[in-house]
Each structure stands twice: as structure tokens, then as C-alpha cells.
Amino acid sequence: MAGLTELVFTSGTLNPSQYYWGINPIVWLIILLGVCGIIGAMLGKDFKREPGEKQLTIGQSLKSAAATGVMGAVIGLIIAILLSIFPIVRFGFPALYGSLMFFIIFTIVGFAGFFVVGFLYFIVPIPEQLKMTIVWGIAGMALGVLLWVIFIAQTGPVGSYMSFAYAPVREKINSFFDSLSKFEACFYASPKCPFFIQWDEPTRENPLELFNADLQFSETQVVSNNINVLASLTVKNPELAQIELIPTCYLGSSPHVKDEQIDIKNLGKYSIGNKFVFPLTADELHTSFRCSRELSDFTKNVYIGYVIVELKRPVILKASWPIYIGTEPNMGRTKTIMSFNAPYSVALTADSDMPFEEGKTYDFAVVIKRIDENTNMTFLKELRIEFPDSILAECENFEVDGQDLVLSNIDMSVLKNITQYTANDERYSIACSMQIKDAPQRAVLTPIKIDASYDVVTQYETPILKAHG
Amino acid sequence: MKIKSNFFIIVGICIVLAFVSAADMSCNQSNAAKSGLDFLLVSRPGFINSGSLISQGDIFNVGVHLENYDSKERSGMICLRDDVEDGFGGISSGSLGECQSFVIRAAERTDVKKTGILSSSSSQVNPGILEVFFPSSGQEYSYYGMPEMLNPYTANLYVTVQYNEITDASATITVPGQDQPVMAQEPAMLQVGVVKEIHPRENGYLVDLAITLTKQANAGIYTPDLSRENITQMNINLIPLSIGCSVLGKPFDGTMDVSKTATVKCSAIINNNQAQGFPLVVSLAYGVQIQKSFGFNIKTKQT
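As given, the protein sequences belong to chains A and B, one line each in that order.
The numbering of the first sequence is numbering that gives the first Met the number 0, which starts it at 0 and goes up by one.
The numbering of the second sequence is numbering that gives the first Met the number 0, which starts it at 0 and goes up by one.
1) If you draw a straight line from the alpha carbon of Q402/A to that of K214/B, how long is it in whole angstroms?
2) Closest Cβ-Cβ distance between T418/A and chain B: below 7 Å?
3) Just to check, is the beta-carbon of S136/B closer than 6 Å to a non-hydrogen atom of the ligand NAP?
4) Entirely within the stretch 291 to 358 of chain A and at least 3 residues each: give me those beta strand (DSSP E) ranges in chain order.
5) Looking at the C-beta of M188/B, does it have a partner C-beta in chain A at a distance below 7 Å?
6) Counting only beta-carbon atoms, is Q440/A nearer than 7 Å to chain B?
7) How about T445/A: is its C-beta nearer than 7 Å to some C-beta of chain B?
8) Beta-carbon within less than 7 Å of L61/A's beta-carbon, same chain only, minus the 5 sequence neighbours each way: which residues are those?
9) Taking all protein chains shown into account, do 16 or more other C-beta atoms lie within 10 angstroms of the C-beta of N202/B, making it buried, or fewer, making it exposed?
10) Give the range of the alpha helix (DSSP H) segment to which C185/A is assigned.
11) From Y165/A to L145/A, what does the alpha carbon distance come to, in whole angstroms?
12) Specify the secondary structure class of D85/B as computed by DSSP and reduced to three states.
13) Note down the Cα distance separating C394/A from I47/B, rounded to an integer number of angstroms.
14) Keeping to the same chain, check which residues put their C-beta closer than 6 Å to that of M433/A; ignore five residues upstream and five downstream.
15) Kindly say whether P15/A, judged by its beta-carbon, lies nearer than 7 Å to any beta-carbon of chain B.
16) What separation, rounded to the nearest whole angstrom, lies between the Cα atoms of K191/A and E183/A?
17) On the three-pair Cβ rule with 8 Å, is the stretch 125 to 134 of chain B touching the stretch 93 to 107 of chain B?
18) So which residues on chain B does E170/A lean against when the C-beta distance must stay under 9 Å?
19) Do D450/A and T348/A come within 7 Å of each other at the CB atom, strictly closer than that value?
20) Leaving out the 5 sequence neighbours to the left and right, which residues in its chain are closer than 8 Å to G88/B when beta-carbon positions are compared?
21) Identify the continuous alpha helix (DSSP H) that holds L414/A and give its terminal residues.
22) Considering only the beta carbon of each residue, do L404/A and I417/A sit closer than 7 Å?
23) Could you tell me which residues DSSP pairs with E283/A in its beta bridges?
24) If you measure from the beta carbon of S351/A to each beta carbon in chain B, is any gap under 7 Å?
25) Thinking C-alpha only, which one of V443/A, S344/A, M100/A and D388/A is nearest R203/A?
26) Using a Cβ cut-off of 8 Å, pull out every chain A residue sitting near N150/B, in sequence order please.
27) At the level of alpha carbons, what is the spacing between K257/A and Y459/A?
28) Which residues, in order along the stretch 181 to 202 of chain A, keep a beta-carbon less than 7 Å from a beta-carbon of chain B?
29) So the beta strand (DSSP E) Y361/A belongs to, where does it begin and stop?
30) Could you list which residues in chain A have their beta carbon closer than 9 Å to that of V61/B, in chain order?
31) How long is the line joining the alpha carbons of K311/A and K300/B, rounded to whole angstroms?
32) Near I268/B, what residues of its chain come up, given a Cβ to Cβ distance below 7 Å and the 5 sequence neighbours on each side ignored?
33) Mind reading off the beta-carbon distance from G139/A to F105/A? Whole number of angstroms is fine, and I expect it under 8 Å.
34) Does the beta-carbon distance from L279/B to I197/B come in below 7 Å?
35) Taking three-plus beta-carbon pairs below 8 Å as touching, is the stretch 312 to 320 of chain A in contact with the stretch 252 to 267 of chain A?
36) Under a CB-based cut-off of 7 Å, is D437/A close to chain B?
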């Protein structure tokens, strides 16, 4: 047990992503102390000691404070146990080592805190009302520190461990507040308001992508100072002649911070060199590989961090914008239909009602938008829009190929420059216009075909802990 | 006791008879009420019907089964179009699409007499039947080049039948008298109604007639050359009197807009006090256009 409190972290410094709503953790501590302290004090002013209770001597006060301290130790232990339940459930037995540290710290802090406060309470001859106010204020501040440790603090042994253990809880809370913030757009009647139809997001015919890859981690413990995580890959490829997946492994201090690239070993079936090549089949294909690194100078008992795997793969997207041309009847607007859910959607969208009339010119936009937040587009191989003969269209930076408009071999940095790019929702918009050369009186369906091909990197991560050895 | 049981038997028989006769009447009514032209799509392998699912690249035909419930032969045009842009194949999407002329024989009415306890006579209508096939050239339709999607595209087939109608409606206007005239007219898309008012005057009467037109079915009414919608040609005679007519206070020009609930008001003066009847003849000439849409689906992706 000698090395029990020795924790090693891959990173102890704060990066901007660890700031909550852009506020420094220390400022958060002050805010929480202030808010919880005031709430506690407000509650305390309504409590009174029993009438007739007398002022105690120093000896009696120490005795009473010791009894209060024991009560505080028990409360601290209970809090430590409660806080440990989540990490133990999540990481299993290895988390017990980190949690034992909690038991000791919280028991000692609980005893000390209650003892000091109790002693002051019994010995100091100040009005009863004020005493209770102070006691409850301090209790509130203690709760503030606890909240800060769990949700805000990222440094120091306790802060880092809690940050690591409670990362999923924090992410869920953050995503809840993020989703709430989307409703803010409704106050400005912004198109981002969730109650409005998102015309730049296609309807998806199939909620799943036809190509599907799933990565499961096992053997995530650090054994004999070696990280040797097994990544089991399951792939469905019912459409493409063959699909290449290139995995890369990283070691990270958080799910979003890749500190160093580590080795990939034991690439299983379907591997050719450093990549996997999966054939077309209706069956599920299974293979595996390992992310490996030796921690040669590593002697610590507890290690925590993340193994992050990036899978690079191509996406081939097919979509259709079913517009109507003609004069009547009014048919409103139509959304692009994507044949399956792709990590990045490609949609054509116009603000005009349909049908589009003969001889008139209409503005529309090509919108590429991120759907899967764990995936990043790395390269746009080709975006081809096929128009029927009755439509003459042009888009900024697109090349004309017969009746088609084509954008090809575009790096993401270039794509950001040649489109209207908004970073917060990873959206690329390209201005276009179309002229209706001829159309009948009654509206007719005139679907526009969209074919896109791009590379994406999808991230998977797993926490790793070192077992006591 | 016996009287009571007999009473229930008689009541029971009456109820059964009432049901049987009601069913019989409703059956006769449905036959008698049907008039004009009706049509549906021919249901056969290789032919599109309502709700059909065809694959892109499949060849298909369209057949229209036409029925004439009128007692006169009809001739006109039958047209077919879809709502898919012509660049993707299929059927022409022009204003009426592809048209063929048709002639369909009159319906035959036969009197059917039923004997026995439910003896009655009714008229059975055997409509004139004609099937028209598209394309007429002997080729076949197919869709091609539509973007591939998992779900089929929803498209519509529009069948339009056009024919001209010339019909007379007649009634006897009795003067004097408060009895309202009853128009005699063959079943037609536009039915004529008349209300008379007789005003005595010195040495005679002033006859006021309010003539109305009622559209019988959800069909389009056009001028005989199909150039103007909701307009019918209309000629009114109260033989042998001279009659003056107006619509909404303006002189009647021989045409009537059936989209409005306007009434043609006519007046004639009779210069004697004798009781007599005058034949009122209202002649109509108009084009009828009946359109029906049939939804179908075009599958673009093989699963």
C-alpha cells in the first residue's frame, strides 16, 4: 500500500478544452465557494441552539468537537464511497486503488473539518444565530469544494483522477447544456432553432450507413508496464467493391487530446501492410489489431489515460434533390434525400418554393455538413452534381463536365477557403444558381443527382488503467 | 296469446321485406344514377396501375378502360401524362401529354322484371366499353437516369378524357298557374333547372323565368373548343314567344359561367289572358374534361 497515493498522469496541465464556458477552474472554485457559502449561511440563520444550552469549557469543547469530528469522518467516508461507485463500475477492480485514496483523504478531511468547526462552535462566545450561520456557511463551502473537485478541477491527484473518472458524466452534462443552447437560436428566429426544419440537412432514407465499422476494446489494463490494448473491428461492406481502413493508435490524456502515436501490432485478417482491405459481402467481417506501447521507465502503481484509435476510410455518398419544375401547383420546398446516413451530409437547398418556373433563375446552395461528431472529413475526392437537360446550373469553383458540375480533389483547408465555412457546426456552403430552360405547365418531378466521395477519420477511445502489480 | 305471436310474426316478415326491398332499391339506384363517362386503368402484367411499383429500366404500357353510361355514342380524346420530367423517360409530361381519339358506343338499357313476392321492374345499364392503350405506336415506356435512392420515387399518372356534349332540356311553362315546371333532360354533366313567376298584366301576363345550371360531377366544363374553362354555350327559347334574358343585370350573350352560382333571368310577355302552355327549350353545348390521377412508385435501386 506504500505506493497507493502515487498517481501518474499523462498530462497535468490545462488546455483550453478543460475550461468550462471559458472560465478558469480557480475562478470556478471561488464562484462555487461563494454561492454555496451564501446558500449555507442563508439556511443557517434560521437554526437556533436549544434554549438553556450553556457555554462549554475548553476540555468539554475538545471532547464535543472530537465526537463531531468522528461524525465528519463517517460523512467523509460515505461521500468517498459514493464518489468511488462510478469509477469502480466503469473501470472495475483497478479503480479501487484510486478510490482507496479517496477514502483516506475524505475521512481525514471530514474529521478535521468537523472537529475544527465543532470546536469553534462550542468554544467561541458569539451569538447563537451567528454561529449557526457560520457553520452552515462553511458546510456550504465544503460542498462547493466537492463539486469543484468532481466537475471542474483538472489538476492535482484528486482533480485529475476525478476528471478522468467522471469524464463521461461531465460530457453528458456539457452536451445537455449544448443542446439547451441550441434553443437560444429560436429567440432570434435563426434557422439553427431545433423547431425549424433544417433545409440544409438531408432526409436520410436509412438511419445506418451501408458501410458500417464498429470497434470494441478489450485488455485495457496496463500489465507489466505495457499497454497492449486489443481492438476488435467489425465491418459490414454490402456495397463497395472493396474498402480500405487505415488504423492509427494514440495515447491521450483525455478522449480529445492525443499526446503521442503508439505502435499498431498484430493486424489480423484482411490486413495488407498497415491497412485493412475489406471485400464486398453481405456478411459481417471480423478482425483485430493491438495498440501497443512499453512504458520502459514506468514504476508507478496506478496509471490512467486513454488509448485513441483513428480509422481512416472513404465514404461514398449518394443523394437526390427531388425538385419540381413547371408553373403549378405550388409545392413548397423540398429537402435533399440521402440514401443512407453518412458522417458528412451533402445537400442542395433553395429558399424558393417549387415548382421552379421556366425561364427563371433560382439561387441555391450546396451544403456539406458534419453529422457524426466523432468523425472528421480529411479530403474531398469528388462532389458531382448531375442536372437534367432542362436545367442550366453553375456553382462557385465547380468545373463543368457536360451537364454535371464537379468539385474534385479538395483538401479541407482549401475547402474552408473556397466555401462559406462555419466552424461551430462544421458546415461548408457553396453558392449556386440554376436556370430552368424549359418546363411544362404542370409541375414535374426533376430529381437532381448528387454523388460525393470523401475520406473521413473516425475516432474511438478507451480509458486504460494500470492494475496494482 | 295466439294473437300476440301472430303479431310478432307479421312484424318480423315486414322487417325482412323492408330490408330486402331497400337493398333492391339501392341496387337499382346505383345503376340508374351513373351517367357520363368513367374510366380506370387496365390491370395486367406489364401495365401500370394505381399503386404499382416499377423499377427504373422496366418497360411498361398503360391501358385505360373506358365506360360510357350515357344513352348516346361518345367521341373525344383521351390523354395520358406523368409528372416525371421527360428527360427521365416515361410518358410525355406536356400539357395534356399523349392523346388518342376515341369513339365509344352508347350504354344499353334493358328493363328487368322481377316476379314473385318482390315483383318489380328496373332498368339495367350495360355501359359501352372501350380499352385504349398507350403508347399507340406499339413501343413501350420506361424510366431511366433517375438518381438511385433506396426508397422509390412517388409519381403520378394523369388520365384526361375530353368530349363534347350537346344537350337539350325542355319544360312546359303553363300560364297562368303557380305550378313549377319540371325540366326533362337526358343525364348530362350540366343539369338545367327553372323557376317561373307569372305576373298578371293588362291583357295578358309577364312570365319571369330563373334558369340555373348545376354541375353533376367533379368534371371540368369548357367551351366546345376547350379554349375557356367553366364556360358553356347556352341557347334559351320559349316558343313561340320572344324572350329577353340577362345575367347579373347584364344582357345574356349566349354563354354561361358555371363556376359561379349565377342565374339567367328571362322574361316574356303574353298578350292574351288565355290559359296555355309554352315549351321552354334550353340548349347547351360544352366540352367535358374528366381527369383522374393514379399514384405509382418508381424504384431506382435493386435491393
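Note that the Cβ used here is the ideal one computed from N, Cα and C, for glycine as well.
On the basis of the supplied data:
1) Between Q402/A and K214/B, the C-alpha separation is close to 49 Å.
2) No, because no Cβ of chain B sits closer than 7 Å to the Cβ of T418/A.
3) Annotation note on the ligand NAP: not contained in the displayed structure, which lists no ligands.
4) Segments of the beta strand (DSSP E) lying fully in the stretch 291 to 358 of chain A: 301 to 324 and 343 to 348.
5) No, because no Cβ of chain A sits closer than 7 Å to the Cβ of M188/B.
6) Closer than 7 Å to some Cβ of chain B, the Cβ of Q440/A qualifies, so yes.
7) Chain B, which has a Cβ nearer than 7 Å to the Cβ of T445/A, makes this yes.
8) Taken in chain order, the residues that qualify are F118.
9) So N202/B ends up on the exposed side.
10) Note, C185/A: alpha helix (DSSP H), E183 to F186.
11) Rounded to whole angstroms, the gap between the alpha carbons of Y165/A and L145/A is 13 Å.
12) In the structure shown, D85/B sits in a helix (DSSP, three-state: H, G or I).
13) Straight across, the Cα-Cα distance linking C394/A with I47/B is about 38 Å.
14) Taking M433/A as the centre and dropping the five residues before and after it, the same chain places the C-beta of Y361, I390 and A392 closer than 6 Å to its C-beta, in chain order.
15) Confidence at P15/A is low in this model, with a pLDDT of 38, below 50, so the placement of that residue should be treated as unreliable; the coordinate-derived value is given next. So no, P15/A is outside the interface.
16) Cα to Cα, the separation comes out at about 9 Å.
17) At 8 Å Cβ cutoff, the stretches touch.
18) The contacting residues do not exist; E170/A stays about 33 Å from chain B at best.
19) Not a contact, by the Cβ cut-off of 7 Å.
20) Cβ within range, chain order: Y140, S141, Y142, Y143 and G144.
21) Element bounds for L414/A: M411 to I417.
22) In this structure, L404/A lies away from I417/A, with their beta-carbon atoms at least 7 Å apart.
23) Per DSSP, the beta bridge partners of E283/A are K235/A.
24) No - not a single Cβ of chain B is within 7 Å of the one on S351/A.
25) Of the listed residues, the one whose Cα sits closest to R203/A is S344/A.
26) Close partners of N150/B in chain A (Cβ separation under 8 Å): E204 and I336.
27) Rounded to the nearest whole angstrom, the C-alpha separation of K257/A and Y459/A is 12 Å.
28) Hits within the stretch: zero.
29) DSSP places Y361/A in the uninterrupted beta strand (DSSP E) bounded by T360 to R369.
30) Chain-order list of chain A residues neighbouring V61/B: empty, with the shortest C-beta distance near 17 Å, by a criterion of under 9 Å.
31) Computed Cα separation, rounded: 28 Å.
32) The residues are G203 and L205.
33) With 8 Å as the limit, G139/A and F105/A do not qualify as a contact, their Cβ atoms being about 17 Å apart.
34) Contact flag unset, no.
35) Between the stretch 312 to 320 of chain A and the stretch 252 to 267 of chain A there are fewer than three C-beta pairs closer than 8 Å, too few to call the two in contact.
36) Not an interface residue.
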